[in-house]
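Visitor: One structure coming up, written as structure tokens, with questions to follow.
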Amino acid sequence: MENTKTMEPILAVRDLKVSFTTPDGDVNAVKGISLDVRPGETLAVVGESGSGKSQTMMGIMGLLASNGRVTGSARYRGQEMVGLPPKALNEIRGAKITMIFQEPMTSLDPLYPIGKQIAEVIVHHRGGSQREARPRVLELLKLVGIPDPERRIDSYPHEMSGGQRQRVMIAMALANEPDILIADEPTTALDVTIQAQILKLLRDLQKRFDMAIVLITHDLGIVRHFAERVVVMRRGEVVEQGATAEIFENPKADYTRMLIEAEPHGRKVAPADNAPIILEGRNVVVDYKIDGGFLKKRANTFRAVDNVSISLHEGQTIGIVGESGSGKSTLGRALLRLIASKGAYRFGKTDISELDRAGMRPLRRSMQVVFQDPYGSLSPRQTVGEIITEGLYVHEPQLSRAERDKRAIEALKEVGLDPSARNRYPHEFSGGQRQRIAIARAMILKPQAVILDEPTSALDRSVQGQVIELLRDLQSRHGLSYVFISHDLSVVRAMSDYVVVMKDGRIVEEGPTDAIFNAPKADYTRTLIGAAYNIGP
Amino acid sequence: MTDALLSAVPEVKGRSLFQLAVMRFRRNRPAMAGAVMLVLIACLSFFGPFFISHSYDQVFSSYVTIPPSLEPRPGEDTLEEAMKGVATRARVELQSFSVEGETFTAVITAKDPIDPRATRYFDRANEFDKTEVAATEDEGRKLTLKGVVDREYFLFGTDTNGRDLMARVMLGGQISIAVGLLASLVSLGIGVTYGAISGYMGGRVDNVMMRFVEILYSLPFVFLVVVLVVFFGRSFILIFLVIGAVEWLDMARIVRGQTLSLKRREFIGAAEALGLTDWQIIRRHVIPNTIGPVVIFVTVIVPKVILLESFLSFLGLGVQAPLTSWGSLIAEGANNIQSAPWLLIFPAIFFVVTLFSLNFVGDGLRDAFDPKDR
Amino acid sequence: MLAFVLRRLASAVPTLFIVVTISFFLMRFAPGGPFNLERPLPPATMENLMRAYQLDQPLWRQYLTYMSNALTGDFGPSYIYKDNSVAELIGKGLPYSMELGFYALLLALVGGVIVGTIAALRQNSALDFAVMSVATVGVTVPNFVVGPVLTLIFAITLAWLPAGGWGDGSLRFLILPMIALALPQLAVFARLTRGSMIEALRTDHIRTARAYGLPAKSVVVVHAMRGAMLPIVSYLAPCAAALLTGSAVVETIFTIPGVGRYFVLGAINRDYTLVMGTVVLIAIFVIVFNLLVDILYGLLDPRVRHD
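These protein sequence lines map, in sequence, to chains A, B and C. Residues in the first sequence are numbered consecutively from 1, following the numbering used here. Residues in the second sequence are numbered consecutively from 1001, following the numbering used here. Residues in the third sequence are numbered consecutively from 2001, following the numbering used here.
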């Protein structure tokens, strides 16, 4: 590794700036950064959203949106890439430097078979015909681990899973044996088990082709296990760069230290065994109808939750873990009786199995929910004050305007927001602030049980930590009980005292948090834990 | 993007998305120009008639199909001709004729004493008014008449019936704009209700309701309008009701789509979890969030409706004379395009500028409400 | 695919049935009839006419008769063109309307897509603004203005082209009506193309194509264009149905012997059968073109394969 450090860089970036012209004035996304990419190394560019890490690479590759502008210098093997005419640039991109993107779902053209798209890249850079390129395409597909490549070569992107599409993108990236592969958040949209496979594949291929990988990511766990050198970016500037081990063990910049420490830690202590049950669902079954269409008698059903039982005790936090499609969110909604489901439900001592919407209404104030998407869970047309007092409007209609306002101020203070926020609109707040607003909306009613449906998944790591702290704080202050739904094992581990692992609508394994993490019994749990990259070495 | 920013936030009122949209709209120059144009045209159509002396149904038989001019009618040279004509009709002889400013002096003679009531002949002509006998000579055989020259301005010219085209264009504007707005309101009412119900209910109800819309799409609707107007008469109310009743399909589809996607948004889920009733959710969340696209779509529907009304007018099925609309005026103008092109040009300018402006305003609204689109 | 087409055709039957039923009753419940002329006919004559055309029968029987006849392609006699059946009238006029409509459709589609693509590629430039302004004028100027203006310029002032009529059906006769018919649709296609092209050029997979060094031409033509065509294809169905079944306005202005005039004439004269015949004709066109467009859509977009 020491060897690579002294080698000539194949990509040398100096004082690179990227700015965007917008109707509200110029935005400087990248403010003059310098970095080197050396042959065969893995360089991680780390930063939270808005750090300019992606825009740096887009700028070098000439892929900025039409209102973007790049200045400075980026030399590939001595050739200046900034300001290079498209024709000359096209000799480099796709052949010498290639890219894979975050969204495997949309990065491929939905209208052409994948084989044709890979062949197009080969034909363009190496000449020949589509047919001549076909054996090479098959070879590449085999290389990236697409099963049955002879058949899949004619598949369309929509016929493949997210992980497979990312493999196809990698095949395309390798087609011309590039010197540098830029991977822009390549696994962020994928489940953890798939993420592990893709990263392993990238590492294997890197050795085989001896190419440099520039890994753009927000995930320090991946960086630690995958990269040799790290560049930490924040607000368009490089905060710190150096060898991975060095950065993690001895971070110099405060920001880097903060990022590393943002990894959720701490443990939740389980409540006493005899704590009464606050919310319970027995033998929960949820079936979804798959569009039967008009005049079609028989609609297909899809069983999202299959005979799951769960009991939430007072003061407890149950973590529900699973990958996409495991039915964990559906289970949460079923417990709140928000969707049609079968099973026996109980809230405290009340049987709520047979209650209709009107019957449930008085109980709603005691069982609340916080959703994942801080952008979608707040109505864009209401002020924050209107949003958080909406529950009072239903459950305490007798309150005067002044009283409601007072409660709003209290609730905002409780979640650590300035009370002046209540006159503003959601779009004026960052993701973390919005999630606090969503929490305030739930907390203003003083509920007993709260379902937290991936409340931290859309947030940056540092903000995630703050939200987790807030949730814990609220729990201990008000004696709340949580059902914490997440795909992120480290967060679940820090938040919950009991863990339920779900897969395909069923419970795979459940038990106290430490038991699950230290001695997982089910194979799937083991895979899941093995696939998660922790920041710790 | 950290929460630290917040402590610095002073006690201010935030800007709503709507206010932001208004700001973006104001910065959009073509859209603002369109909006100003629309206001000007609407003002001209609705308030203009108070400032011109001619009414839309006033016939000037002396000025049939005269071209537009900035000069007053009649001109100096034609006045004498006109006076001669009147004199002939009154069976008197014109000895002298002069015009000073707004008044004229005419000396008429005849073999027999002239009945002073002959002044009526002069008043009857469009050109002269308030004719009085100023002096009588020769035992009534020679009269000096004084009166006011009635000069008329026809900036847009007159139509084939001698009506002031400017007054007609203003009236046409009133009718076209009114039909456009009212018919759009009708289609808005039907479309929003239908679409919101269909989208919110979902499932089988939605299936059946949308199937019905599909069937209606294959009905030749423009022709249905024709049939209805032919059969039920050509009243103004019927015309906008009928047009509105056939233009709601797109609106229903759009609102349904909006409602469906809103239903999947998490804030609707949060509202349900808070215990809001269906009606409260529709009122507090669904309707406010569909307003943007609906407003944009109205700017699409209004021109469509105005065009459809003009099509009816072309077929002779528009509002009944002496009422008129831009469409009727244009149709009339198109028939006289060679002999009197101004009959086409003026209403067409107003019509096209209005629709053009509506288009720009619509595009501007779309950009303003949907800023990712730039 | 065949199963899909058959299924769609089968579902078109009830649609057509409902369309005909709605039109039938809508018309019969309206006041007035084909023989309510300004000068009333003698009662005896009236009665004879009513009997001859079976208008004295109860409404439900008239409806059943009409439906069963319509199934055999007999749409009844025209009340106004007394010597012709509705089927004959439409049969005579349709080829003219379709030929003219076909050329107009071609012009509108090709012209609109080219213009819209140019505008999208030069987004926010002066060219874009100019082209789209012209297109907007195209949408806003009704064709009963375009028609006479074209006639005045090219037929009367310049005397390059005939002012109207079908003549020998040569191109000279078709150019002016074709332009008048195509212009508004061309403008719609241009606006649609520009919008969807701009959207398509912003998609992730276009970024991928650029990131892999594919030349601009192939990015635009191979990747962006095909995606951008989808909304245009959707609009093709109502547009083609409207153009091919003739335009009352254009056919009147240019004295084309097509079917477009019949509906208006029929409606004005309360010629029930003629109106019904035209309704059925247009409904069939709409349904058929919707089907064709769905098939085309499936060919263009693998995500909506019909099987």
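Built from N, CA and C at the ideal position, the CB exists for glycine as well.
1) Could you give the DSSP three-state label for Q382/A: helix, strand or coil?
2) Quick one: using the 10 Å Cβ neighbour count with 16 as the cut-off for buried, is L166/A buried or exposed?
3) Can you tell me the Cα-Cα spacing of S1328/B and V2146/C, whole angstroms?
4) If we count the other Cβ atoms within 10 Å of its Cβ and call it buried at 16 or more, is L1365/B buried or exposed?
5) Take P113/A as the anchor and find which of P157/A, M99/A and Q79/A has the nearest alpha-carbon.
6) Should F1369/B be flagged as near chain A, meaning a C-beta pair shorter than 8 Å?
7) Near R2028/C, which residues of its chain fall below 7 Å by C-beta distance, leaving aside the five closest residues on each side in sequence?
8) For G1199/B, which residues of its own chain have a beta-carbon under 6 Å away from its beta-carbon, when the five flanking residues on both sides are left out?
9) Report the residue ranges of all alpha helix (DSSP H) runs contained in full by the region 1093-1178 of chain B; include only those spanning at least 4 residues, in chain order.
10) Run the CB neighbour count on C1043/B, radius 10 Å, all protein chains shown included, and call it buried at 16 or more, exposed below.
11) Contact defined as beta carbons within less than 8 Å: I believe I118/A pairs with V137/A. What is the distance between those atoms, to the nearest angstrom?
12) Would you verify that the beta carbon of G530/A is, or is not, closer than 8 Å to some beta carbon of chain C?
13) In the DSSP assignment, find the alpha helix (DSSP H) that holds G332/A and state where it starts and stops.
14) Note down the Cα distance separating A189/A from S324/A, rounded to an integer number of angstroms.
15) Helix, strand or coil for R77/A? Go by DSSP, reduced to three states.
16) Consider the Cβ of Q1019/B: report whether some Cβ of chain C lies at a distance smaller than 8 Å.
17) If contacts are defined as beta-carbon pairs under 8 Å, then I60/A and A173/A qualify, I think. What distance do you get, rounded to the angstrom?
18) Under 9 Å, CB to CB, which of the residues in the region 1328-1341 of chain B have a partner in chain C?
19) Nearest-angstrom Cα distance between F1314/B and V2220/C?
20) Would you identify the three-state DSSP class for L312/A, choosing helix, strand or coil?
21) Name the two residues that bound the continuous beta strand (DSSP E) containing L2265/C.
22) For Q2062/C, which three-state DSSP category applies?
23) Check G2165/C in the structure and name its three-state DSSP category.
24) Let me see if you follow: with CB-CB separation under 8 Å, is P2231/C close to chain A or not?
25) Give me whichever residues DSSP pairs with G25/A in a beta bridge.
26) Just to confirm the assignment, what range does the alpha helix (DSSP H) spanning D405/A have?
27) Would you mind stating whether A1110/B and R1141/B have Cβ atoms separated by less than 8 Å?
28) Looking only at C-alpha atoms, which of H487/A, V491/A and R493/A sits nearest to M502/A?
29) Quick one: list the residues of chain C neighbouring A189/A, beta-carbon separation under 7 Å, in chain order.
30) Let me know the secondary structure DSSP gives R424/A once reduced to three states.
31) Give the secondary structure of G2073/C by DSSP, where H, G and I count as helix, E and B as strand, and everything else as coil.
32) Strictly below 8 Å CB to CB, what residues from chain C border A1348/B?
33) Please report the distance separating the alpha-carbon of G47/A from that of E41/A.
34) Less than 6 Å between C-beta atoms, sequence neighbours within five positions excluded: which residues of the same chain meet that for L1344/B?
35) How many whole angstroms separate the CB atoms of I33/A and L16/A, which I take to be in contact at a CB cut-off of 8 Å?
36) Short of 9 Å Cβ to Cβ, which residues in the region 2278-2301 of chain C face chain A?
Guide: In short, the structure shows the following:
1) coil
2) Checking the displayed sequence, the identity of residue 166/A turns out to be Gln instead of Leu. Classification of Q166/A: buried, given that the 10 Å Cβ count is 16 or more.
3) 15 Å
4) buried
5) P157/A
6) no
7) L2059
8) R1256, T1259 and L1260
9) 1119-1124
10) exposed
11) 5 Å
12) no
13) K328 to L335
14) 10 Å
15) coil
16) no
17) At roughly 16 Å, the Cβ-Cβ gap does not stay under 8 Å, so I60/A and A173/A are not in contact.
18) I1330, A1331, G1333, A1334, N1335, I1337, Q1338 and P1341
19) 43 Å
20) strand
21) Taken as a continuous stretch (DSSP letters only), L2265/C belongs to no beta strand (DSSP E), being part of the alpha helix (DSSP H) at G2260 to I2268.
22) helix
23) coil
24) no
25) T22/A
26) R401 to E414
27) yes
28) H487/A
29) Under the 7 Å cutoff, chain C gives no residues; its nearest Cβ is about 11 Å from A189/A.
30) coil
31) coil
32) V2141 and V2145
33) 19 Å
34) G1333, A1334 and I1337
35) 5 Å
36) L2300 and D2301
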